[in-house]
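Scroll down for the structure; my scribbles are underneath it.
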Amino acid sequence: MPVMNLYVPGLDKGKGLYFLFIKAETKTPSGLVARPVLTSYYKSQQFKTRPYDPYNVYTSPNETILCVDSFQSMYSQMLCGLMYREEVLRCGAVFASGLVRAIKFLQVNWEELALDIETGNLSDKITDSSVRECISKILKPDPDLARFVREECCEGNWEGIITRIWPNTKYLDVIVTGAMAQYIPILDYYSGNLPKTCTMYASSECYFGLNLTPMVKPSEVCYTIMPNMGYFEFIPHDPSNPVTISRDSPPKLLDLADLELGKEYELVISTYSGLCRYRVGDILQVKGFHNSAPQFKFIRRKNVLLSIDADKTDENELQSAVENASELLKKFNTTVVEYTSYGDTKTIPGHYVIYWELLVKDPSNGPTADVLDQCCLAMEEALNSVYRQSRVADNSIGPLEIRIVQNGTFEELMDYAISRGASINQYKVPRCVSFTPIMELLDSRVVSVHFSPSAPHWTSERRF
Ligand code: AMP
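With my numbering, you'll find the sequence shown wraps up at 608, consecutive numbering, no jumps.
Laid out in structure tokens, this is it:
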């Protein structure tokens, strides 16, 4: 807040609509309680009995955040958000996916929410007694508000819905860097291009840093590591010259003070809770300095996503390929709202399968099968030269396949992950899937299948 305050005045004059969730605790085999960091925080006395701070007033009462049932929690938080709609100055969730999920929830449940507001009676679906008790104190019959909600939602036009329902929203407080970048178009659509602030860079293992210039474009976001949050060390990362790390040849670790502008590093942390030189798996690039503290652009998580032959495609490359192909969808007013991938090695040769969920804004002018075939090729053209070489010269990879899935499929995927213990706050769509039940779910929702109609460009001279 001290940083946001420098850029957005008056945040003490209203409320924040944040969709925040906890998840059920589990136990490790040795009996230790295991839970994600935000669940620990929301359940702590520090959060529950926090002193009143006019800059941090949430529309969601603690009881709604602390409800372990994700439907009831979301329903009651959305209901409060609607009731306080004119006081809302910012909307958010931890990651962009959480806010997108909340808006989808509104699309499905607005009739029931409006009925509750009209009658002043909370839906029977909410059975959690502490949620019922706290909502009953604030829910009063408000036919005007109910009419407003119905008018805004009944036509199924979701463009600008955030600013229509919460007209005083100044910005969206969500992380849209890294894997979350693909939610930018849908958030822009829902919010009429409100600024999106990525305020922090953190993990369950350690808090890393914050964004000192939160109003910049997502592509320019840099995080300044706070050196007091842990001990930060760095392994130089050069994609063209990867370091081999083994017990006999430990990597050379650099301190925060030794980093150079423009270079990429892998983050290694030692934490107060006992992790010693833990490799987070994130690759960061130094973009500048705040006094002498380096400021980092989040580049990607290190793991390779897809590999059929000698090719190695990471999350960043897959994202760029999806973006490249999405260009072809623009004239059909269509965007890719969600995607994931799968290295299908059941076919010979194996090939990349990409599942797409589309938002077709004008169904009478959606992309044709031919255009979607071309999208497969456009993805291949954007992939790296090793991939294209394997396709063209080695024939060791088959034509890329796009499977279009029904709307709502990725929502189901998330529900499935949550039912298996994933945290709703920290859930990220897996960019690559291989787990059979997930594959079965995705495949059962496929509406059309498309293949690259020809081989992408590749020449032996240009190797990089
Ligand atoms: P978790 O283990 O669920 O706490 O997730 C932590 C990971 O989420 C980090 O190591 C990053 O890979 C990713 N992450 C967290 N904050 C950001 C951010 N601001 N931008 C991009 N990725 C992030």
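Note that CB positions come from ideal geometry on N, CA and C, so glycine has one too.
So does Ile622 have its beta carbon nearer than 7 Å to some heavy atom of the ligand AMP?
-> With the chain running from 145 to 608 in the structure shown, residue 622 is simply not present.
Alpha helix (DSSP H) segments (min. 4 residues) lying fully within the region 512 to 536 | 513 to 526, 529 to 536
Excluding the 5 residues preceding and the 5 following Trp602 in the sequence, name in chain order all residues of the same chain whose CB lies nearer than 6 Å to its CB.
-> Arg532, Gln533, Val536
Can you tell me the Cα-Cα spacing of Ala178 and Gly565, whole angstroms?
-> The straight-line gap from Cα to Cα measures roughly 11 Å.
Which residue spans inside the region 179 to 242 form an unbroken alpha helix (DSSP H) run of at least 4?
-> 181 to 187, 189 to 192, 206 to 209, 214 to 227
Alpha carbon to alpha carbon, how far is Pro597 from Cys519?
-> 10 Å
First through last residue of the beta strand (DSSP E) which encompasses Tyr162 | 159 to 163
Would you identify the three-state DSSP class for Thr307, choosing helix, strand or coil?
-> helix
Val480, enclosing beta strand (DSSP E) - first and last residue = 478 to 488
Is there at least one non-hydrogen atom of the ligand AMP closer than 7 Å to the beta-carbon of Ile324?
-> Inspection of the sequence shows that residue 324 is occupied by Met rather than by Ile. Answer for Met324: yes, Cβ within range of the ligand AMP.
In terms of alpha-carbon separation, which member of His594, Val152, Asp382 lies closest to Pro511?
-> Comparing C-alpha distances from Pro511 to each of His594, Val152, Asp382 shows the shortest one belongs to His594.
Would you check if there are 3 or more beta carbon pairs closer than 8 Å linking the region 348 to 361 to the region 263 to 281?
-> no
What's the gap between the Cα of Gln216 and the Cα of Leu403?
-> 47 Å
Look up Arg606 in the DSSP assignment and say whether it is helix, strand or coil.
-> Per-residue confidence for Arg606 stands at a pLDDT of 41, beneath the threshold of 50, marking its modelled position as unreliable; the derived number appears in the next sentence. Note: Arg606 maps to coil in three-state DSSP.
Is it the case that the CB of Ser363 approaches a heavy atom of the ligand AMP more closely than 7 Å?
-> no
Within the present structure, is the beta-carbon of Asp426 separated from the nearest heavy atom of the ligand AMP by less than 7 Å?
-> yes
Pair within 8 Å by beta-carbon distance, Phe163 and Leu223 = no
Compute the minimum distance between the beta carbon of Tyr345 and the heavy atoms of the ligand AMP, and state whether it is under 7 Å.
-> yes
Which two residues bound the contiguous alpha helix (DSSP H) that contains Ser273?
-> For Ser273, the uninterrupted alpha helix (DSSP H) segment begins and ends at 273 to 282.
Would you decide whether Tyr416 is buried or exposed? Buried here means 16 or more other CB atoms lie within 10 Å of its CB.
-> exposed
Okay, do the region 331 to 339 and the region 470 to 478 touch, 3+ Cβ pairs below 8 Å being the bar?
-> no
For Ala237, which residues of its own chain have a beta-carbon under 7 Å away from its beta-carbon, when the five flanking residues on both sides are left out?
-> Tyr162, Phe163, Leu243, Ala246, Val318
Is it true that the CB of Thr203 sits closer than 8 Å to the CB of Tyr228?
-> yes
Can you grab the Cα-Cα spacing for the pair Thr321 / Tyr345, in whole Å?
-> 9 Å
By how many angstroms is the C-alpha of Pro285 removed from the C-alpha of Asp260?
-> 8 Å
Please classify Thr553: does DSSP put it in a helix, a strand, or coil?
-> Under the three-state reduction of DSSP output, Thr553 falls in the helix class.
So with Cβ pairs under 8 Å, would you call Val424 a contact of chain D?
-> No chain D is part of this structure, which consists of one protein chain only.
Give the secondary structure of Leu403 by DSSP, where H, G and I count as helix, E and B as strand, and everything else as coil.
-> coil
Proximity of Met145 and Asn200 at Cβ, strictly below 8 Å = yes
What do you reckon, are the CB atoms on Ser129 and Cys576 nearer than 8 Å?
-> The shown model of the chain, from 145 to 608, leaves out residue 129, and the question about it has no answer.
How should Gln251 be labelled, buried or exposed, when 16 other C-beta atoms within 10 angstroms of its C-beta is the threshold for buried?
-> exposed
Any idea what DSSP makes of Ser598, helix, strand or coil?
-> coil
For Phe376, is the beta carbon positioned less than 7 Å from some heavy atom of the ligand AMP?
-> no
Roughly how many angstroms separate the alpha carbons of Lys314 and Thr580, rounded to a whole number?
-> 43 Å
How many whole angstroms separate the CB atoms of Ser428 and Phe440, which I take to be in contact at a CB cut-off of 8 Å?
-> Just to set this straight, residue 428 is Leu in the shown sequence, not Ser. About 4 Å separates the Cβ atoms of Leu428 and Phe440, confirming a contact at the 8 Å cut-off.
Environment of Glu605 [buried if 16+ CB atoms lie within 10 Å] | Summary for Glu605: the model assigns pLDDT 46, below 50, so the residue's position carries little reliability; its value from the coordinates is reported in the next sentence. When all chains shown are included, Glu605 counts as exposed.
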